[in-house]
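Chemist:
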Amino acid sequence: MSPHIETFEFDEISEPKVAKAISHYPAGKQASAVKTLLDLAQRQVGRMTGIAWLPQPALDCVAKRLAIAPMRVYEIATFYTMFNLKPVGKYHLQVCTTTPCWLRGSDEVVSACKKASGIDHFGGSSADGLFTLTEVECMGACVAAPILQVNDDYYEDLDAAKTEALLEDLKAGKPQPPAGSLAGRQSSAPISGQTVLTDKAE
Amino acid sequence: MAKLTIDGIEVEVPNGSSVLQAAEAAGVEIPRFCYHERLSVAGNCRMCLVEIEKMPPKPVASCAQPVSEGMVVHTDSEMVRKGRRGVMEFLLINHPLDCPICDQGGECDLQDEAVAYGRDGSRFQEDKRAVPTPDWGPLVKPTMTRCIHCTRCVRFTTEVAGTAELGATYRGESTQIGTFVQKALTSELSGNIIDLCPVGALTSKPYAFTARPWELRKTDSIDVLDALGANIRIDTRGPDVLRILPRINDDVNEEWLGDKSRFSVDGLKRRRLDQPWLREHGKLRKASWEEVFEALTNKLKATAPERIGTIAGDLVDVETLFAQKSLFASLGSPNLDCRQDGALFDASRREFYLFNSTVAGIDDADALLLIGTNPRHEAPVLNARIRKRWLAGGFEAAQIGDAGDLTYPVTRLGADAAALSGLLDGSSPFAAVLANAKKPMIVLGAAVLARPDGAALHALAWQLAAQCGALTPEWHGFNVLHHAAARVGGLDVGFLPGPGGKTTREMLAGGVDLLWLLGADEADLSALPAATFVVYQGHHGDKGAARADLILPGAAYTEKDATFVNTEGRAQRAQVAVKPPGLAREDWRIIRALSAYAGHVLRFDDLEELRAQLAKSNALFGQAEFRRLGNAALAAPAGLGQVAGGAPLKPVFAAYHQTDVISRASPTMAACLASLTTQAEAAE
């Protein structure tokens with residue numbers, strides 16, 4: 010589903026960011042920039058091919074750039090779930106199923122994702138290459154549970170209908186809606202609106 | 003120093019020691035899986051838990067806990083026992099307990115500790131973790147389902163071997179130790195991770211399902227496949243050498259062993275010369291000892307002494323060299339040479355051909371110049387020692403002649419001898435490093451000495467050593483790195499052309515009519531006239547035996563009590579582990595028996611008498627201890643001829659695995675070579 014990537018070099022968009030990330034660390038400690046570089050590489054692959062993942066040439070490029078053994082980069086890249094070592098769909102759907110989200114109906118969100126995308130299990134991708142569904146642990150936004158992360162954006166306060174609608178829009182080629190609550194919640198305030206500090210100081 | 007009490011025993015250990023080390027000093031054993039003296043501390047197995055008074059009331063991992071004054075440690079309290087039992091239960095949750103089909107059984111740390119801390123049954127009701135079995139090449143057999151993630155192998159390859167090929171990928175229960183990208187291990191020291199693995203995750207592939215440790219007879223011996231003289235243990239069952247493991251000797255090999263030395267054992271059973279052969283009508287036929295002795299005696303009598311010559315090979319022991327030298331003295335022939343590579347250099351003083359700084363001395367050095375040598379191939383364990391020195395910091399290395407990746411950074415000064423002149427006249431940037439170093443080392447490869455201009459380069463290297471202050475009464479920085487286990491012994495015995503004697507080159511060019519190859523298989527026999535009668539004495543049917551007119555079957559190093567002198571001049575004894583095959587005999591016995599046949603009876607009847615005479619001829623072989631030499635005289639070796647500029651200084655071996663008759667006969671070594679070649683081709 011993804012074009013095979015033979016070689017990888019940082020392009021002119023990534024390059025200044027790479028240099029900046031490395032400059033954050035003292036000389037000789039440049040290996041500390043490994044996670045930033047992996048993220049930049051994954052984004053660049055996303056820009057290049059439409060699929061944000063880390064093929065091995067990208068991992069090797071990061072190792073070479075930081076002058077560390079490729080194995081050290083593989084260790085980091087496999088440890089963190091945010092690095093995709095296999096190609097993912099154009100939209101990477103990450104559903105939180107940890108307790109607060111589960112209590113607030115994450116099962117429904119999962120079912121809706123499966124139904125709308127046609128994916129039958131976590132880790133799978135849809136036939137059209139549009140979606141990959143991943144189960145993740147707490148994303149730290151429990152106040153607006155349940156949550157679905159689509160690429161970089163959180164969509165909060167979901168239910169089956171909203172999830173399905175969101176995915177149908179994406180399938181239809183519409184742009185991603187603005188991130189945040191789909192139930193009109195203002196950041197992490199109660200769903201019914203502010204309940205404290207309601208008196209405006211004159 | 004800090005004083006502390008462990009289980010009521012008071013010990014004093016240096017500050018910065020760990021509680022575990024203090025316990026060892028006190029003679030208290032602490033179980034451990036991840037901790038290893040020669041690797042960094044990981045602290046991830048949690049087996050070494052102890053209780054320390056006046057610390058937070060919880061068990062402490064003793065390998066990672068520094069000592070402090072007045073500590074009171076309990077290693078066998080209720081809390082400790084309970085903690086260790088818990089750790090053991092967790093370790094065994096995912097361990098397959100397939101001991102009956104595991105090669106580690108009987109020498110497994112986990113098995114042993116489970117006896118002490120394991121439960122009699124499992125409380126774990128879920129499915130056990132299973133991990134795919136990767137392929138790491140022909141030497142190491144990984145069964146990663148058994149892995150307990152101690153990371154000793156990861157730390158070894160990263161720290162000691164310097165080839166960061168292994169790592170811990172993924173996380174939590176999914177953690178896998180491996181190469182991530184499918185590949186064969188490329189380190190020359192990869193076999194050591196088998197010894198390091200505390201469980202059966204990494205076992206020896208060639209030795210798989212061969213024997214149980216309690217079936218083996220163990221013989222302490224010396225390795226001869228390089229000139230380091232690593233201390234080994236030979237494990238045998240009946241007439242077969244089944245495996246070779248390193249023994250600990252901090253001055254030589256610490257506790258490591260090169261792959262060639264460890265895995266060439268299957269070469270000891272193949273292509274062996276197990277009976278005498280005689281060439282008749284152009285074809286070799288089997289013969290009896292009487293027949294070959296008769297034939298050889300007739301030949302010796304029919305040939306003028308100055309037309310008889312002998313060249314010794316790389317695996318010959320000192321006793322044999324001494325016996326042969328005595329025989330040739332008795333025959334009246336001065337034509338002996340122990341340098342089958344054709345090297346010609348001044349060997350009049352011992353320090354001209356030794357690794358004078360000594361292997362342990364590498365730890366003290368602060369600058370290193372490698373000339374025409376690749377220690378990674380010629381002595382991989384010594385190379386690991388150099389890497390260890392480099393890791394400690396304050397150490398700079400440079401090389402003349404390209405040797406590829408040595409696992410530590412090396413400044414490349416050039417490919418040919420011109421770089422050496424640059425150092426001598428100070429124009430090279432590394433000249434200042436050498437001049438400022440307190441204990442510089444200059445290492446001359448054996449390949450340099452074997453060049454036609456070897457003697458001149460030898461003298462130049464000595465001159466450089468003298469010039470940069472490497473030759474002082476306290477420090478001797480001039481080193482020759484040999485690759486042949488027999489070489490220093492041969493030079494010490496004086497197995498060299500006598501007055502008017504012919505050298506290897508002269509003998510090979512037709513200078514003699516009867517050439518006795520004493521295990522010499524690397525000599526270039528192409529220029530030898532067809533009429534020359536060649537006697538080959540040795541243990542493998544290789545290049546020497548192929549050209550021979552008469553073959554005397556000798557014993558390999560595992561089959562004889564013998565002395566070998568390593569590159570630093572340390573005389574060490576190999577011991578007989580198995581009998582030579584068939585009619586083959588120990589080499590000195592063959593020479594002794596022939597001497598009686600030929601009417602030149604040598605005056606020793608057993609090994610003791612031979613060794614007594616050897617010690618009389620050279621005090622070195624009588625002395626019990628090895629002493630490091632300081633430099634006494636600055637007089638340089640005689641440098642014959644001119645340095646031929648332009649020709650690059652190349653190391654002896656282009657590849658590591660097949661360099662002598664034993665490793666060439668080894669299918670395992672052939673498989674290693676093939677797998678690395680395929681891997682290198684695939685990478686291109």
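Chains as they are written, first to last, in the working numbering: chain A, 10 to 211; chain B, 3 to 686. Backbone N, C-alpha and C define an ideal beta-carbon position, used for all residues, glycine too.
1. Measuring from the CB of E190(B), is there a heavy atom of the ligand SAM at a distance below 8 Å?
2. Between the stretch 152-172 of chain B and chain A, which residues of the former have CB atoms less than 9 Å from a CB of the latter, in chain order?
3. At a CB distance below 7 Å, what residues from the stretch 63-89 of chain A approach chain B? Give them in sequence order.
4. Can you tell me whether W62(A) is buried or exposed? The criterion is at least 16 other CB atoms within 10 Å of its CB, across all chains shown.
5. My assumption, with CB atoms under 8 Å, is that K504(B) sits in contact with G479(B). Please give the rounded CB distance.
6. Beta-carbon of T181(B) versus every beta-carbon of chain A: anything under 9 Å?
7. Give me the Cβ distance between H689(B) and Y658(B), rounded to the nearest whole Å; I'm assuming they're in contact under 8 Å.
8. Ignoring anything shorter than 4 residues, give me the alpha helix (DSSP H) runs that lie fully in the stretch 327-404 of chain B, in order along the chain.
9. Note the first and the last residue of the continuous beta strand (DSSP E) segment covering E282(B).
10. Would the stretch 50-67 of chain B count as touching the stretch 16-36 of chain B if we require 3 or more Cβ pairs under 8 Å?
11. For the candidate residues L609(B), P59(B) and P653(B), whose alpha-carbon lies nearest to that of M81(B)?
12. Using the C-alpha atoms, what's the distance from C152(B) back to N46(B)?
13. If distances are taken between C-alpha atoms only, which option among R591(B), V536(B) and C149(B) comes closest to D608(B)?
14. Pairs of beta-carbons, one from the stretch 587-602 of chain B and one from the stretch 243-252 of chain B, closer than 8 Å: are there three or more?
15. So, is V361(B) buried or exposed, given that buried needs 16 or more other C-beta atoms within 10 angstroms?
16. From what residue to what residue does the alpha helix (DSSP H) around F295(B) run?
17. Please confirm whether R489(B) and A525(B) have their CB atoms less than 9 Å apart.
18. CB E190(B) to CB G260(B), shorter than 9 Å?
19. For E177(A), count neighbouring C-beta atoms within 10 Å of its own C-beta (all shown protein chains included) and say buried if the count is 16 or more, exposed if not.
20. What does the alpha-carbon distance come out to for the pair D252(B) and R40(B)?
21. Tell whether a beta-carbon distance below 9 Å holds between A381(B) and A163(B).
22. For the stretch 99-117 of chain A against the stretch 152-159 of chain A, do three or more pairs of beta-carbon atoms, one drawn from each stretch, fall closer than 8 Å, so that the two count as touching?
23. In this structure, what does DSSP give as the bridge partners for G180(B)?
24. In its own chain, which residues sit with a C-beta less than 8 Å from the C-beta of L191(A), not counting the 5 before and 5 after it?
25. Hey, which unbroken runs of the alpha helix (DSSP H) at 4 residues or more fall wholly within the stretch 124-181 of chain A?
26. So if DSSP puts N481(B) in a beta bridge, which residue, or which two residues, is it bridged to?
27. Are the CB atoms of R264(B) and V514(B) nearer to each other than 9 Å?
28. Please report the Cβ distance between V43(B) and I8(B), rounded to the nearest whole angstrom; I am assuming they are in contact, meaning their Cβ atoms lie under 8 Å.
29. Round the Cβ separation of D100(B) and R273(B) to the nearest angstrom and send it over; I've been treating them as touching at under 8 Å.
30. Report the partner residues of V243(B) according to the DSSP bridge assignment.
31. Could you give the first and the last residue of the continuous beta strand (DSSP E) run that contains G456(B)?
32. Looking only at its own chain, which residues have a Cβ that is under 8 Å from the Cβ of I373(B), when we skip the five neighbours before and after it?
33. Going straight from the alpha carbon of T204(A) to that of R194(A), what length do you get?
34. To the nearest angstrom, how far is the alpha carbon of A345(B) from that of D662(B)?
Modeler: Taking the structure as given:
1. Among the components modelled here there is no ligand, and therefore nothing to report on the ligand SAM.
2. V156, T159, T160, T165, A166, E167, L168, G169, A170, T171 and Y172
3. Q65, A78, M80, R81, Y83, E84, T87 and F88
4. buried
5. With 8 Å as the limit, K504(B) and G479(B) do not qualify as a contact, their Cβ atoms being about 34 Å apart.
6. yes
7. Summary: the structure shown does not reach residue 689(B), with chain B confined to residues 3 through 686, and so no result is reported for it.
8. Counting only runs of 4+ residues, the alpha helix (DSSP H) found wholly inside the stretch 327-404 of chain B occupies 377-380 and 382-393, in chain order.
9. Bounds of the beta strand (DSSP E) holding E282(B) are W279 to E282.
10. yes
11. P59(B)
12. C-alpha separation (whole angstroms): 6 Å.
13. R591(B)
14. no
15. buried
16. W291 to A304
17. no
18. yes
19. exposed
20. Cα to Cα, the separation comes out at about 11 Å.
21. no
22. yes
23. Its beta-bridge partners are G169(B).
24. Y164, E165, D166, L167, K171 and L175
25. 169-180
26. Looking at the DSSP output, N481(B) bridges to F357(B) and V445(B).
27. In terms of Cβ geometry, R264(B) and V514(B) do not form a close pair [threshold 9 Å].
28. The pair is not a contact, with the Cβ atoms about 19 Å apart (cut-off 8 Å).
29. Not a contact, Cβ separation roughly 37 Å.
30. V243(B) is bridged to T238(B).
31. That residue, G456(B), is in no beta strand (DSSP E); its alpha helix (DSSP H) goes G456 to Q469.
32. Q401, I402, G403, L422, I444, V445, L446, G447, V450, L459, A463 and L651
33. Distance between T204(A) and R194(A), taken at the CA atoms: about 13 Å.
34. 18 Å
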